[in-house]
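Contents: one structure, followed by commentary.
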Amino acid sequence: MMVHATPLGATIYTALAAYACALVAQLVRRPRAGRALLAAGAALALGALAWRWLETGHVPLQNLFEIFLVMSVAICPLAWCCRRWLPAPVEALDPLLGFLVLFPVGFVFSAEPRDLPPALQSFLFVPHVAVYLAAYLLLARAALTAVSLFWKRKASLPQIGTLQSSIFNSSDRLARAGFPLLTAGLILGALWGKLAWGDYWHWDPKEMWSLATWLLYCGYFHFRAMTGARYPRTCAALLVAGLAAIILTVTIVNLANLFSGLHSYAK
Amino acid sequence: MQWFNLALIFGLLGLAIAGSFLGAERAKELFNAPPLWPVWTLLTLGLLAGFCMFATQMRNPGLAALHAGCLLILLGSFWNSHAGHALAARCGLAGKIPWSYLVLHEGELSDLLRDESLVQPLGRLGFGVRLDKFGMDFYPQRRADVEPEVKQYRSSVSLFSGTQVVPAEVSVNHPLHVRGYHLYQISWGRDPDPYSVLLVASDSGLTVVYAGFVLLVFGGAVRFWLRRKNRDGGGMPPQPAATAGGAA
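From first to last, the protein sequence lines stand for chains L and B. Start counting the first sequence at 1; every next residue gets the next number (my numbering). Start counting the second sequence at 268; every next residue gets the next number (my numbering).
Right under this line is the structure:
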């Protein structure tokens, strides 16, 4: 646990507080206040991101501190999209996701600015990371939405026309939105690997976990296609397992010495 | 058949997770080992069978592209692998070396390809490469007590093919593509004169793999992003917007 006693850190903590307040506002059924606080939190996180960009002199997507900060900003457009396109947006999940993403930025990850090593200086750096971050956010939101289906509710077959059915469809729609981005991220990474390291697949632990994550979602879509809406618990479990695989891929694989590999510079 | 495919996906998932604990070198050995060839064969046949057994579903261009993409990646990867190169050589096709290294001191001209130890010779490249100059670029120093970080490694080379001499540069993320091989800036050293190590990778099968990549991205976007009248995989039509103020 660390505290960033800098103006950048103060901005991040204020954004974190705004997300926490937004979550409370949503839980006590004050959606407008919740949305305003979420937007304020994202604006503060955006300010922190701009500060970081100026400080490092490169697009802040190099290490965990920077990519989680970017994700915390992207929560706001994600929340707007969820409200716009999901049959049941479950709005409290947006500030919850924002808080969960921004918390490690404030208290876990090192904020030491680093120059980009030669391998990261590629035109594929930004698209590869950005596409992956968008996919991760959508799929994390899908998992949280699926879990909310069972929160305080007796798990049963979602009936057409009910809120349960809408939430079930929402989680699936989010997974459908995220999966092509996950695929694109994997492929952009492979193309970049070919340019930087000579091969599009290096059997590196990070790559193996990315493949495992992709296969998990492949399994989810095959299972959905086979069984329809008959097993909502299994579908939700697969989405949660997908989120667990994402968390492992993004954080643990980079941080744990157990998985040292070509992606170790992204700590 | 559907359950078999699902079992195959989760079997691969288990293998990928197991491979992540082995480290890159051992995972590469495991996944290229003959005991796993039946898995790749089964996966290839499963994808091919899918086109025949689920012909109706495969009329969906997105779904067809996704599965065809996976198939092409598998086939291209085999072609690009050591086993694929060995098979091509046995069949009298181009006898390329899939993965090797060129060690070049400044001013040295060589076409000798070596293995990972950089000592054992593997064969000849077919054209000569001379290292004219090896250099590094650095970032400005951030702090007085910290060494400046390296920004780029670059080798200025000349390619000798017959009477032709072509100057070129290899740097990290900017490989050279010459006569069926890619040349990468992979390492350097001093003994005591500076030398550069270039990785030489065969490009066999790459086009097939890249075609698979394109199909996967296209298929994913079409299958999951485009609206269709009868959305399968759920059987529940989109619902009118419902209000859900709280987490539950």
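We put the beta carbon where it would ideally sit given N, CA and C, even for glycine. Here the structure is a predicted model, which is why all the values come from computation and not from measurement.
Query, Result
"Cβ-based contacts, 7 Å cut-off: residues of the region 469-495 of chain B near chain L", "Val-476, Phe-480, Leu-483, Val-484, Gly-487, Ala-488, Phe-491, Trp-492"
"The region 95-105 of chain L touching the region 10-24 of chain L, judged by at least three CB pairs closer than 8 Å", "yes"
"Helix, strand or coil at Gly-281(B) [DSSP, three-state]", "helix"
"Interface residues of the region 92-103 of chain L facing chain B [CB-CB below 9 Å]", "Ala-92, Leu-93, Leu-96"
"CB contact flag (Gly-472(B), Ser-377(B), <8 Å)", "no"
"Top-ranked residue by Cα proximity to Arg-35(L), from Pro-7(L), Val-73(L), Trp-80(L)", "Trp-80(L)"
"CB-CB length for Gln-164(L) against Glu-91(L), believed under 8 Å", "That pair is no contact at about 17 Å."
"Validate contact between the region 222-229 of chain L and the region 272-279 of chain B using beta carbons, cut 8 Å, 3 pairs", "yes"
"Opposing strand residues paired with Tyr-260(B) [DSSP bridges]", "Here chain B has residues from 268 to 515 only, and residue 260(B) is not among them."
"Short CB-CB distance (under 8 Å) between His-449(B) and chain L", "yes"
"Thr-183(L) at chain B interface by Cβ criterion, 8 Å", "yes"
"Cβ-based neighbour list, Val-73(L), same chain, cut-off 6 Å, excluding 5 preceding and 5 following", "Ala-42, Ala-45, Leu-46, Leu-49"
"Backbone CA spacing between Glu-268(L) and Ala-411(B) [nearest angstrom]", "The shown model of chain L, from 1 to 267, leaves out residue 268(L), and the question about it has no answer."
"Residue(s) in a DSSP beta bridge with Leu-371(B)", "Ser-463(B)"
"Cβ neighbours of Tyr-448(B) in the same chain (closer than 8 Å, five flanking residues each side left out)", "Lys-363, Leu-392, Val-467, Ala-468, Ser-469, Asp-470"
"Beta-carbon proximity list for Glu-373(B), same chain, < 7 Å, skipping 5 on both sides", "Leu-398, Lys-400, Phe-401, Asp-460, Pro-461"
"Pick from Trp-197(L), Ala-135(L), Leu-124(L) that is closest to Leu-443(B), judged by C-alpha positions", "Trp-197(L)"
"Beta carbon of Tyr-231(L) nearer than 8 Å to that of Ala-175(L)", "no"
"Gly-329(B) beta carbon less than 8 Å from that of Gly-486(B)", "yes"
"Unbroken alpha helix (DSSP H) run spanning Leu-46(L), endpoints", "31-56"
"Touch test, the region 132-145 of chain L against the region 172-188 of chain L, Cβ-Cβ under 8 Å, three pairs minimum", "yes"
"Counterpart residues of Gln-387(B) in DSSP-defined beta bridges", "DSSP, once it has assigned bridges, lists no residue as partnering Gln-387(B)."
"Val-126(L) vs Leu-182(L) beta-carbon contact at 8 Å", "no"
"Cβ pair Ala-146(L), Ser-122(L) closer than 8 Å", "no"
"Opposing strand residues paired with Gln-408(B) [DSSP bridges]", "For Gln-408(B), which the question treats as bridged, DSSP gives no partner whatsoever."
"N- and C-terminal bounds of the alpha helix (DSSP H) containing Asp-94(L)", "93-107"
"Sheet register partners of Val-417(B) (DSSP bridge)", "Phe-405(B)"
"Glu-436(B), enclosing beta strand (DSSP E) - first and last residue", "431-438"
"is_contact[Gly-261(B), chain L] using C-beta, thresh 8 Å", "Residue 261(B) lies beyond the range of chain B shown here (268 to 515); nothing can be said about it."
"Nearest residue (CA-CA) to Gln-452(B), options Phe-480(B), His-352(B), Asp-458(B), Gln-419(B)", "Gln-419(B)"
"Contacting positions in the region 434-463 of chain B - beta carbon closer than 8 Å to chain L", "Ser-438, Val-439, Asn-440, His-441, Pro-442, His-449, Tyr-451, Ile-453"
"8 Å Cβ cutoff, Ala-350(B) in contact with chain L", "no"
"Min CB distance Ala-283(B) to chain L below 8 Å", "yes"
"DSSP three-state assignment for Ser-287(B), whether helix, strand or coil", "helix"
"Neighbourhood of Pro-31(L) by C-beta, 7 Å cutoff - its chain only, sequence neighbours within 5 removed", "Glu-91"
"Within 8 Å, strictly: CB atoms of Leu-38(L) and Gly-98(L)", "yes"
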